[in-house]
Amino acid sequence: MPNPALSIVEDAPRAARVVADLLENVIRSRPDAVLALPTGRTPLRLYDELAERNRVGRIDFHRVRTFNLDEWVGANRDSAGSYARFMDEHFFSRVNLQPRNCQIPDGSRSDLGAECARYERLIREAGGIDLAILGIGRNGHIGFNEPGTPFDSRTHVVEVTAETRLANRWSFPDGRVPTRAMTVGIGTILDARQIVLLATGGAKANVLRCLLEDPIDPSFPASALRLHPCVHLVADSLAAARLAQPAADSGRSPR
Ligand code: GLP
821 MPNPALSIVE DAPRAARVVA DLLENVIRSR PDAVLALPTG RTPLRLYDEL AERNRVGRID
881 FHRVRTFNLD EWVGANRDSA GSYARFMDEH FFSRVNLQPR NCQIPDGSRS DLGAECARYE
941 RLIREAGGID LAILGIGRNG HIGFNEPGTP FDSRTHVVEV TAETRLANRW SFPDGRVPTR
1001 AMTVGIGTIL DARQIVLLAT GGAKANVLRC LLEDPIDPSF PASALRLHPC VHLVADSLAA
1061 ARLAQPAADS GRSPR
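According to the numbering used here, the stretch in the sequence shown is residues 821 to 1075, in order.
Right under this line is the structure:
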């Protein structure tokens, strides 16, 4: 069974730099790389780092194509809390990505099933995902694949758990978090040629331990990542605090 590569670094800014380095390498070897991108608080530093590297000419996003992992049902670019708006604000508006190359599931469509199928088709037509960057929810969800999601799932609509809605409340000024979302499936994620999972902060310590030590089972969606041959976990010392050998800056090195 493949073991994820693990980098444990001192703090969240360093973790963001490690992931930015991985992404930079992918784009250097493939300037039109296809990326899957996360939202949440964890990747904010990563997006800052990527924007800076783009500003100084170190990473060129001109030909890069991106697919976001998920979106709230009912959300569009203008709605508060939408991931489209999040991405515009924190990443797309700050780098030289071309808008036509940036895809996010459209949560405002009336036929959500057709939108899921369209999204899955777009990923396929792009040649598949070269690098998927993931965060992780406290119950082990990746994208919005909540516990119980089959490992072979494709893009679909989900009922978001109360726990996950609560964790996402910060992004809704009125506190009204939607109950449903669209997400790429676990199967879609596992098809990516390379996967990086970024986890920072003490609130992720328990989930990271489960990810590495618990049985591989749909009740813990992120455990599916251990089936993938090329996964790299990047954690800061707080998130790694409950792993067997937490040691800042001395992580098992990437493959
Ligand atoms: C949301 C997103 C996930 C993300 C998770 C963790 O539920 N759908 O893709 O990984 O939040 O967010 P945070 O980084 O804020 O802990």
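For every residue, glycine included, the Cβ atom is placed at its ideal position computed from N, Cα and C. For clarity, every value in this text was computed on a predicted model and none was experimentally measured.
On the criterion of 16 or more Cβ atoms from any shown chain inside 10 Å, does residue i qualify as buried, or is it exposed?
i, result
"P1035", "exposed"
"W892", "buried"
"D931", "exposed"
"N845", "exposed"
"Q918", "exposed"
"D818", "There is simply no residue 818 to check, as the chain begins at 821 and stops at 1075 in what is shown."
"V876", "exposed"
"L1018", "buried"
"L1047", "exposed"
"P851", "exposed"
Leaving out five residues on either side along the sequence, give the residues of the same chain with a beta carbon under 6 Å from the beta carbon of residue i.
i, result
"F992", "G901"
"F887", "A856, Q923, I943"
"R834", "none"
Between residue i and the ligand GLP, is the CB less than 6 Å from at least one heavy atom?
i, result
"P858", "yes"
"T862", "yes"
"T984", "yes"
"G948", "no"
"F964", "yes"
"G955", "yes"
"D890", "yes"
Could you tell me whether the Cβ of residue i comes closer than 7 Å to any Cβ of chain C?
i, result
"S928", "The structure shown contains no chain C, having only a single protein chain."
With a threshold of 7 Å on Cβ separation, who are the neighbours of residue i within its own chain once the five nearest residues in sequence on each side are excluded?
i, result
"R774", "The displayed coordinates of the chain run from 821 to 1075. Any statement about residue 774 would go beyond what the structure contains."
"A987", "G957, R958"
Can you list, in chain order, the residues of its chain with a C-beta nearer than 8 Å to that of residue i? Leave out the 5 residues immediately preceding and following it.
i, result
"R897", "A904, R905, D908"
Could you give the C-beta distance for residue i and residue j, rounded to a whole number, given that I count them as a contact under 8 Å?
i, j, result
"I829", "V838", "Just to set this straight, residue 829 is Val in the shown sequence, not Ile. Rounded, the Cβ-Cβ distance is 6 Å, consistent with contact."
"P1041", "P925", "About 18 Å separates the two Cβ atoms, so there is no contact after all."
"T981", "D890", "Contact flag wrong, Cβ pair sits at about 14 Å."
"A1060", "G1021", "With a Cβ gap of about 11 Å, A1060 and G1021 do not count as contacting."
TODO: Would you be able to state if there are at least three C-beta pairs under 8 Å between the segment 953-972 and the segment 1019-1027?
DONE: yes
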